[in-house]
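> Encoded as structure tokens, here's the structure I'll be asking about.
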Amino acid sequence: MSDAPIYNERSLLPWQTDQWQRLFAAKRKSRLPHALLLTGSAGLGKSHFAHLLAASLLCDNHQESDTPCGECKGCRLVRADTHPDYTLITPEEPGKAIKIDVIREFTQRGALTSQSGGYKAIIIEPADALNTAAANSLLKTLEEPVERTLMILVTANAGRLPATIRSRCQQYHFTPPSSASAIAWLNQHIKGSDPALLLSLASGAPLLALKYATEGALDERSQMLGELKDLFNKKGSPITVALRWSKLEQASVIKWFSGWVIDLIRVKFASESADIINIDQREHLQALSRKVNSRKLYALMDRLFEANRTQGAQLNTQMQLESLLLDWADIGVE
Ligand SMILES: [Zn+2]
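What the sequence shown shows, in this note's numbering, is residues 251 to 584, in sequence order.
Shown next as structure tokens:
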């Protein structure tokens with residue numbers, strides 16, 4: 251999500267104002283922490299906040315708002331990812347671990363001190379990708395902080411970080427903004443999509459909703475839901491659908507599929523007006539919920555949770571999808 255954002259890279263996202271002001275109030279009192287841990291679910295702009303903060307510390311022009319000017323040498327170097335006092339540590343490939351060599355390289359004593367006499371900012375993202383050795387190496391650095399050097403750890407899974415690391419960082423937790431303000435923000439950035447639906451599918455995270463809008467996720471979801479409806483009505487083949495789905499991004503496939511099953515459970519057992527994810531499908535879900543077998547529905551949900559938990563570890567994605575879709579096609583009340 252950090253690549254080429256549509257929103258202005260220099261401006262603060264409106265729901266992050268409190269955290270920003272708190273941080274800069276501390277900076278004015280020379281009480282900026284040495285290590286920050288930015289937490290909260292994906293799509294809330296933690297990455298953007300971290301980058302903006304680093305850029306702001308390295309900006310040569312002080313701004314009233316404390317946001318970076320975007321034009322000075324410092325800002326240009328940060329944008330080009332070549333500022334000597336700016337380091338972004340990420341896994342070599344998404345989903346892989348951050349290894350100890352990388353942490354060692356950036357946390358040696360000399361490497362931790364600013365070259366220009368100002369601040370130094372090191373972003374580690376996602377921090378939960380640190381393997382044990384790398385986390386231990388980082389811990390030593392956190393125990394001996396360097397003046398004017400700020401470590402910014404970013405994670406949507408703070409629970410996966412060692413408690414020893416967490417306790418040495420000042421935590422800033424981000425939560426979804428109110429749906430009214432998120433929709434107002436989305437309306438400024440997307441045209442022609444339903445912001446309320448996008449936001450619901452994104453669990454209230456505005457940047458994730460924006461990503462869905464720009465990547466055509468609504469079309470992908472519509473097609474998948476259409477296939478699920480057909481399979482339920484004994485149209486089409488689970489094998490053909492599994493073959494098509496196996497070529498899509500598996501995280502989205504499992505997410506849309508399980509969201510559908512969770513919604514069915516909610517309207518069937520909570521109430522027909524229960525909070526659901528697929529808000530544009532309520533009538534269809536209500537009708538369908540009267541025709542599904544409860545025991546099979548729960549069993550399928552368990553299998554989808556398991557599929558989500560073991561993502562990337564399956565030997566045969568297509569076979570797993572086939573099996574899940576066969577269960578779905580057979581979910582009707584006998
Ligand atoms: Zn600047």
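Every residue, glycine too, gets a C-beta built ideally from N, C-alpha and C. Quick caveat: nothing in here was measured; it's all calculated off a predicted structure.
1. Rounded to whole angstroms, what is the Cα-Cα separation between ARG354 and THR391?
2. If we count the other Cβ atoms within 10 Å of its Cβ and call it buried at 16 or more, is ALA254 buried or exposed?
3. If you follow the beta strand (DSSP E) that ALA549 is in, where does it begin and where does it stop?
4. Hey, is GLY368 close to ligand 1, as in C-beta under 6 angstroms from one of its heavy atoms?
5. Express the C-alpha separation of GLN266 and PHE356 in angstroms, rounding to a whole number.
6. Please state the DSSP three-state secondary structure of LEU262.
7. Measuring alpha carbon to alpha carbon, tell me which of ILE374, ARG278, SER280 ends up nearest LEU286.
8. Taking 7 angstroms as the limit, tell me which residues put their C-beta closer than that to any heavy atom of ligand 1, in chain order.
9. Let's see if you can read the secondary structure: which residues bound the beta strand (DSSP E) around LYS441?
10. Going by DSSP, what residues sit across from ALA285 in a beta bridge?
11. Within a Cβ cutoff of 7 angstroms, which residues of the same chain sit near VAL396, ignoring the five residues on either side of it in sequence?
12. Three or more C-beta pairs under 8 angstroms: does that hold for the region 287-302 against the region 450-459?
13. Relative to the C-alpha of THR317, which residue among ASP331, THR332, SER431, ALA300 is closest?
14. Terminal residues of the continuous beta strand (DSSP E) containing HIS423?
15. Going by beta-carbon coordinates alone, are VAL491 and LYS541 separated by less than 7 angstroms?
16. DSSP has ILE372 in a bridge; who is on the other side?
17. May I ask you to verify whether the region 507-516 touches the region 554-565, counting CB pairs closer than 8 angstroms and requiring at least 3?
18. The alpha helix (DSSP H) that contains LEU273, what's its start and end?
19. Let's see if you can read the secondary structure: which residues bound the alpha helix (DSSP H) around PHE519?
20. Would the region 396-409 count as touching the region 375-385 if we require 3 or more Cβ pairs under 8 angstroms?
21. To the nearest angstrom, how far is the alpha carbon of ASP513 from that of GLY320?
22. Beta carbon of ASN433, beta carbon of ALA385: below 7 angstroms?
23. Ignore the nearest five residues each way along the sequence and tell me which others in ILE581's own chain have a CB closer than 8 angstroms to its CB.
24. Whose CA, out of GLN570, LYS279, ALA563, lies closest to the CA of ARG494?
25. Could you check what DSSP says for LEU380 in three-state terms: helix, strand or coil?
On the basis of the data shown:
1. 10 angstroms
2. The predicted position of ALA254 is uncertain, since its pLDDT is 39 and thus under 50; a value taken from the coordinates is nonetheless stated next. ALA254 is exposed by the Cβ-count criterion.
3. Run containing ALA549: none in the beta strand (DSSP E); it sits in the alpha helix (DSSP H), 544-559.
4. With a threshold of 6 angstroms, the Cβ atom of GLY368 does not count as near ligand 1, since no heavy atom of the ligand is closer than that.
5. 28 angstroms
6. coil
7. ILE374
8. This selection yields CYS309, ASP310, ASN311, PRO318, CYS319, GLY320, GLU321, CYS322, GLY324, CYS325.
9. It is not in any beta strand (DSSP E) - LYS441 carries neither H nor E in the DSSP assignment.
10. MET401
11. LEU362, THR363
12. yes
13. ALA300
14. Note, HIS423: beta strand (DSSP E), 420-423.
15. If you check the CB distance, VAL491 and LYS541 do not come in under 7 angstroms.
16. THR337, MET401
17. yes
18. 267-278
19. Careful: PHE519 lies outside any alpha helix (DSSP H) and carries neither H nor E.
20. The answer is yes - the region 375-385 touches the region 396-409, with three or more Cβ pairs under 8 angstroms.
21. 44 angstroms
22. Per the sequence shown, the amino acid found at residue 433 is Ile instead of Asn. If you check the CB distance, ILE433 and ALA385 do not come in under 7 angstroms.
23. PHE482, VAL542, ASN543, LYS546, LEU547, LEU550
24. Of GLN570, LYS279, ALA563, the smallest CA-CA separation from ARG494 is found for GLN570.
25. In the three-state reduction of the DSSP assignment, LEU380 falls in the strand class, which pools E and B.
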